[in-house]
């Protein structure tokens with residue numbers, strides 16, 4: 142709102158500062174939400190809110206959201222979606238947050254590279270399941286780093302925290318959401 146007002150009042154010099162304030166506010170809100178989510182999960186109070194929704198619409202919104210981060214690091218996103226039906230039943234909010242966490246993480250740790258996002262439908266015992274895969278050409282991880290990847294507040298090492306930022310909560314939350322919805326595979 143302030144950015145639009147500054148533009149309307151020909152105060153263009155304020156727009157970059159207002160944009161920084163907006164981004165900082167969004168970052169703080171995301172941090173607070175992550176802390177609340179991990180607290181609810183650890184207390185056993187997190188619940189699923191199941192509903193039918195259009196998966197392709199959800200993914201389109203996620204791709205719009207992640208686009209600026211991809212551009213900032215000069216990354217190319219390759220998307221492959223194989224679905225019999227676009228309508229799925231699940232927790233839309235948690236699925237959105239989980240996919241965003243995976244793609245954001247890949248985007249953050251990949252520069253001038255390729256990120257692949259693959260969505261496939263498959264059956265197990267006559268039950269339909271979805272697979273979400275994120276692959277990247279980023280900095281990579283050692284076996285030791287991989288073993289700690291999904292622990293809350295854990296990052297590869299302290300230099301990673303300084304260089305890339307973050308709290309080390311996104312992937313831990315994503316893993317817990319996957320477990321709550323009945324799946325996980327690494």
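Numbering (our numbering), first residue to last: 142 to 327. We put the beta carbon where it would ideally sit given N, CA and C, even for glycine. Values in this document were obtained by computation on a predicted structure and should not be read as measured data.
- request: Mind the definition here: the segment 246 to 254 touches the segment 285 to 292 only if three or more C-beta pairs lie below 8 Å; say whether that holds.
  value: no
- prompt: Between 185, 161 and 201, which lies nearest to residue 240 when the distance is taken from Cα to Cα?
  reply: 201
- request: Kindly list the residues whose CB is nearer than 6 Å to the CB of residue 224, restricted to its own chain and excluding five residues on each side of it in sequence; keep chain order.
  value: 262
message: If you reduce the DSSP assignment to three classes, tell me which class residue 318 lands in.
response: helix
query: Where does the unbroken beta strand (DSSP E) through residue 193 begin, and where does it stop?
result: 192 to 195
task: Identify the continuous alpha helix (DSSP H) that holds residue 167 and give its terminal residues.
output: 156 to 183
- prompt: Near residue 153, which residues of its chain fall below 6 Å by C-beta distance, leaving aside the five closest residues on each side in sequence?
  reply: none
message: Quick test of your reading: residue 177 and residue 227, contact by CB under 8 Å. State the CB separation rounded to the nearest angstrom.
response: Residue 177 to residue 227, Cβ: 31 Å. No contact.
Contacting residues, own chain, Cβ-Cβ under 7 Å from residue 269 (five flanking each side not counted): 262
query: Do residue 322 and residue 233 have their C-beta atoms within less than 8 Å of each other?
result: no
query: Should residue 314 go down as buried or exposed, given a rule of 16 or more other Cβ atoms within 10 Å for buried?
result: buried
message: Quick check: the Cα distance between residue 275 and residue 258, rounded to an integer number of angstroms?
response: 5 Å
- prompt: Near residue 175, what residues of its chain come up, given a Cβ to Cβ distance below 8 Å and the 5 sequence neighbours on each side ignored?
  reply: 308, 310, 311 and 314
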